[in-house]
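For reference, the structure is listed below as structure tokens.
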Amino acid sequence: MKRLFPILAVLTALLLAYALYQALVVAPTERTMGDVQRIFYYHVPSAWTAFLLFLVNLVASIVYLVWRNPKADALAVAAAEVGVVFCTVVLVTGPIWARPVWGIWWTWDVRLTTTLVLWLIYVSYLVLRRFSDSSQTPKLAAVLAIFGALDVPLVYFSIWFFRTQHPQPVIGGGGSIDPRMLRVLLINWLAFSCFAVLVCWWRYRLERLQREVEEAHALESLLAPGGPSARSAKAKVPLGRSPQ
Amino acid sequence: MNSIKFLYAAYIATWLIHAIYLGSLVRRYSRLRQQMKELAK
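Below, the structure written as structure tokens:
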């Protein structure tokens with residue numbers, strides 16, 4: 001696995017460079033918006049990737065709640081954190097596109113507002129994970145993740161069910177797109193998805209390593225002079241296995 | 245409409261966000277490696 005990671009990282013970097021070239025050079029220029037429409041090749045794949053990561057977070061949270069699997073809990077944290085990064089990209093690139101096209105940076109439109117709420121929910125999830133020391137934290141966070149995931153379909157389908165300023169979906173929902181633009185969009189989505197999988201994988205390993213170090217620290221403090229005896233400490237805190 | 249500067253701003257912002265996050269992961273990883281070394285002593 002350790003040897004596979006750098007190879008996949010290089011391949012992903014090449015794919016991202018190719019996708020950037022496709023977005024900036026190969027994709028045709030949109031007639032009404034001009035070059036600013038090319039933001040779409042980063043904005044939309046980032047949104048889809050964020051949704052995918054929040055889905056991974058949901059599944060991992062359910063697995064944790066049902067089987068109390070710590071690996072699933074670590075994966076849930078990793079997916080939520082990387083998902084928030086992609087969602088941040090969506091919330092930053094959207095207004096940069098809106099300013100020249102709509103003439104405003106932001107409007108309290110259904111799509112925009114539900115996306116902001118989605119981001120806030122997952123930021124709350126990460127804050128809970130970061131600052132709560134309770135043994136119930138993973139369970140509470142998993143429940144929050146399930147409620148947070150309910151906002152994902154709301155974000156996606158908001159432009160189908162409500163009158164909104166946001167452009168209609170390009171795939172399904174009555175929207176249309178030039179096939180050359182669709183190809184570039186899908187290449188960018190593939191590149192961002194590969195990048196997200198790699199970053200999520202790295203973050204997952206980091207999470208497991210962190211837990212192992214915390215367990216070792218707890219064991220060390222129990223074995224310290226004045227602490228409980230070595231035998232009882234070993235019985236209470238089992239040393240975690242390697243994250244690999 | 246001078247849209248090209250918005251296009252560059254969006255692409256630069258995207259990679260800046262990812263770079264900041266990757267940088268934070270590298271920092272966290274090196275801090276953990278340091279802690280592991282101290283624990284091994």
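Residue numbers (my numbering), protein chains in the order written: chain V, 1 to 244; chain Z, 245 to 285.
For every residue, glycine included, the Cβ atom is placed at its ideal position computed from N, Cα and C.
Given the structure is predicted, the values throughout are model-derived calculations rather than measurements.
Item	Value
Secondary structure at residue 34 of chain V, three-state DSSP: helix, strand or coil?	strand
Which residues of chain V have a Cβ atom closer than 8 Å to the Cβ of residue 274 of chain Z, listed in chain order?	None at all; the shortest Cβ gap to chain V is about 11 Å.
Go ahead and label residue 37 of chain V buried or exposed: buried means 16 or more other beta carbons lie within 10 angstroms of its beta carbon, across all protein chains shown.	buried
Using a cut-off of 8 Å between C-beta atoms, extract the partners of residue 246 of chain V located in chain Z.	The requested residue 246 of chain V does not occur in the structure, where chain V is confined to residues 1 to 244.
I want to see whether chain V comes within less than 8 Å of residue 257 of chain Z, judged by CB atoms only; does it?	yes
I want to verify the contact list: residues of chain Z whose CB lies under 8 Å from the CB of residue 88 of chain V, in sequence order.	261
Residues of chain Z with CB closer than 8 Å to the CB of residue 75 of chain V, please, in chain order.	Neighbours of residue 75 of chain V on chain Z: none; closest Cβ ~16 Å, over 8 Å.
With a threshold of 8 Å between beta carbons, is residue 122 of chain V in contact with chain Z?	no
Answer yes or no: does any C-beta atom of chain Z fall closer than 8 Å to that of residue 62 of chain V?	no
I need the straight-line Cα distance from residue 94 of chain V to residue 101 of chain V, nearest angstrom please.	11 Å
CA-CA distance, residue 184 of chain V and residue 164 of chain V?	26 Å
Of all the alpha helix (DSSP H) runs that stay within the bounds of the stretch 149-230 of chain V, which reach a length of 4 or more residues?	151-161 and 179-223
Tell me which residues share the same chain as residue 60 of chain V and place their Cβ nearer than 6 Å to its Cβ, disregarding the 5 neighbours each side in the sequence.	72, 75 and 76
Is the stretch 135-148 of chain V close to the stretch 116-125 of chain V, with three or more CB pairs under 8 Å?	yes
Return no unless some Cβ of chain Z is closer than 8 Å to the Cβ of residue 80 of chain V.	no
Roughly how many whole angstroms lie between the Cα atoms of residue 81 of chain V and residue 62 of chain V?	17 Å
Which of the three DSSP states, helix, strand or coil, is assigned to residue 277 of chain Z?	helix
Hey, quick one: how far does the alpha helix (DSSP H) through residue 93 of chain V stretch, first residue to last?	70-102
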